[in-house]
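> Everything in the sequence shown is counted per the working numbering, starting at 7 for the first residue and increasing by one.
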Amino acid sequence: MKLHGLQPRETAWQPGYMKLEKEGKLAQRIRKAYAHFENCRLCPRQCGVNRVKGERGFCRAPVRPVVFSYSPHFGEEEPITGANGSGTIFFSNCNLRCIFCQNWPISHEGKGKEMTDEDLAEIMIELQKTGCHNINLVTPTHVMPNILNATRIALKKGLRLPLFYNTCGYERVEILKILEGIVDIYKPDFKY
Numbered sequence: 007m008k009l010h011g012l013q014p015r016e017t018a019w020q021p022g023y024m025k026l027e028k029e030g031k032l033a034q035r036i037r038k039a040y041a042h043f044e045n046c047r048l049c050p051r052q053c054g055v056n057r058v059k060g061e062r063g064f065c066r067a068p069v070r071p072v073v074f075s076y077s078p079h080f081g082e083e084e085p086i087t088g089a090n091g092s093g094t095i096f097f098s099n100c101n102l103r104c105i106f107c108q109n110w111p112i113s114h115e116g117k118g119k120e121m122t123d124e125d126l127a128e129i130m131i132e133l134q135k136t137g138c139h140n141i142n143l144v145t146p147t148h149v150m151p152n153i154l155n156a157t158r159i160a161l162k163k164g165l166r167l168p169l170f171y172n173t174c175g176y177e178r179v180e181i182l183k184i185l186e187g188i189v190d191i192y193k194p195d196f197k198y
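In structure tokens form, the structure reads like this:
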């Protein structure tokens with residue numbers, strides 16, 4: 007149908023990870039990300055520890071993600087939270103570990119529950135079912151490979167929300183290139 011000379015939209019918006027999966031590139035990015043766990047170089051500290059063998063670097067994170075909490079969150083800017091909230095997942099541990107951190111028990115003490123990538127995928131699906139407008143990944147850098155794998159698992163279960171990378175801003179360009187086209191919203195928090 008043609009209305010006033012305009013063509014109907016042939017494609018609706020899709021999250022970046024969905025496009026990469028259709029192109030057969032998402033699994034390749036996940037493999038590339040997981041390789042960083044064996045000689046950890048996920049953040050600019052480049053600790054070089056083998057997290058697969060249980061070693062822990064500056065962030066003190068294990069190889070599996072530790073989730074402190076998850077829920078619809080209304081503490082972000084209105085375009086992010088919308089009416090139903092941002093589906094926030096707070097990851098424990100941090101690659102920056104500021105002495106003034108407002109989330110000290112999460113970032114410094116590592117409080118939370120260690121999860122599998124499948125558990126993380128289920129959280130994403132649950133947040134989508136509650137009506138959240140996005141998946142808000144808080145302090146994601148040190149568990150980025152797990153997040154990517156969980157996103158792919160959740161995609162196969164119907165995940166359709168944009169990924170929101172809510173980071174401390176202490177990132178490596180190489181890692182951001184892995185995320186390019188997967189993450190839909192970036193929000194680095196500037197520190198002093």
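All residues carry an ideal CB built from backbone N, CA and C; glycine is no exception.
1) Let me know the secondary structure DSSP gives N172 once reduced to three states.
2) Quick one: Cα of G81 to Cα of V144, how far?
3) I'd like the list of long-range same chain contacts for P68, defined as Cβ closer than 8 angstroms, with 5 residues on each side in sequence excluded.
4) Looking at the unbroken beta strand (DSSP E) that takes in G93, where does it start and where does it end?
5) Pick from L182, D195, P85, H139: whose alpha carbon is nearest that of K38?
6) With C-beta atoms as the reference, is G187 less than 8 angstroms away from N142?
7) In three-state DSSP terms, what is F69?
8) Got a sec? Which residues, its chain only, sit under 8 angstroms from C174 by beta carbon, not counting five neighbours each side?
9) Would you kindly work out how many angstroms separate the C-alpha atoms of A127 and R158, rounded to a whole number?
10) Going by beta carbon distance, what residues of the same chain come within less than 8 angstroms of G88, once the five residues before and after it are set aside?
11) By Cβ distance below 7 angstroms, which residues in the same chain neighbour K117 in space, the five residues on each side in sequence not counted?
12) Exposed or buried, which one is G91 when buried takes at least 16 other CB atoms within 10 Å?
With the structure as the only source:
1) strand
2) 12 angstroms
3) R57, G60, R62, E120
4) 92-97
5) L182
6) no
7) The amino acid at residue 69 is misidentified as Phe; the sequence shows Val. If DSSP states are grouped into helix, strand and coil, V69 belongs with coil.
8) C100, N101, L102, C104, T145, T147, P194, D195, K197
9) 8 angstroms
10) H139
11) F74, S98, P111
12) buried
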